[in-house]
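Residues 409 to 477 in my numbering are what the sequence shown spells out, letter by letter.
Just so you know, even glycine gets a beta-carbon here, dropped at the ideal spot from N, CA and C.
These numbers were taken from a predicted model, which means no experiment stands behind them.
Read the structure below first, then the notes.
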Amino acid sequence: SASSQRRLGTWDRFIIPLPFTRGILLWGEPILVARDADENQARRAIEEAMNAQADRADRMMGVEPVSPA
409 SASSQRRLGT WDRFIIPLPF TRGILLWGEP ILVARDADEN QARRAIEEAM NAQADRADRM
469 MGVEPVSPA
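Written out as structure tokens, the structure is:
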């Protein structure tokens, strides 16, 4: 996330940090998926973890988190 940014209207709501802005990169614990895991459950778990990290980064930068489409 970045404190000053342009958010594109694309499916992933990609951000473009504006010049001279502050930014943050976060990463979490590895997400392990069993070989025999249900595909939908695994996808949902990964998506939820990524959305949680994005929301956390936005809050740390003082930016309103964007809900997934």
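For a test of the three-state rule: what should DSSP assign to residue i, helix, strand or coil?
i: Arg464; result: helix
i: Arg443; result: coil
i: Met458; result: helix
What is the residue span of the beta strand (DSSP E) that residue i lies within?
i: Arg430; result: Segment: none, Arg430 is in no beta strand (DSSP E) and carries neither H nor E.
From the DSSP output, which residues share a beta bridge with residue i?
i: Gln413; result: Pro425
I believe residue i touches residue j by the beta-carbon criterion, under 8 angstroms. Please report the beta-carbon distance rounded to the nearest angstrom.
i: Arg414; j: Leu426; result: 7 angstroms
i: Leu434; j: Gln461; result: 5 angstroms
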